[in-house]
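Residue 272 in this note's numbering sits at position 38 of the sequence shown, and the numbers go up by one each step. Take a look at the structure set out below.
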Amino acid sequence: MMVDLKTLQKQVYQNKIEKGFNVTNIEKEFCLAYGEMAEAYEAYRKKKDDLGEEFADVIIYLLGLSEILGIDLEHELLHK
């Protein structure tokens, strides 16, 4: 199943709202995204099996932050 990033970005944001997660404290979201990247690095460094899951967490935070900040991440990726 293929989903475009615009749709996924909106789904991540909606999921955050439905589950009562933060959508207003941008600094906190950056810190949480940074923490997920650190967890991914640790999984890589320790050769853990959950590296892919940690990468997914990083992407979820980036998609959520992009939607909160009004950034079309798909557009930015395609024009990079």
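Ideal placement from N, C-alpha and C gives every residue a C-beta, glycine not left out.
Item: Whole-angstrom distance between residue 270 and residue 282, CA atom to CA atom; Value: 15 Å
Item: Alpha-carbon spacing of residue 264 relative to residue 235, whole angstroms; Value: 29 Å
Item: Whole-angstrom C-beta distance between residue 242 and residue 296, which should lie under 8 Å; Value: Actually they do not touch by this definition, with Cβ atoms about 11 Å apart.
Item: Rounded separation between residue 247 and residue 279 - CA only; Value: 30 Å
Item: Segment limits, alpha helix (DSSP H) that includes residue 289; Value: 285-302
Item: Collapsed DSSP secondary structure at residue 241 in the structure displayed; Value: helix
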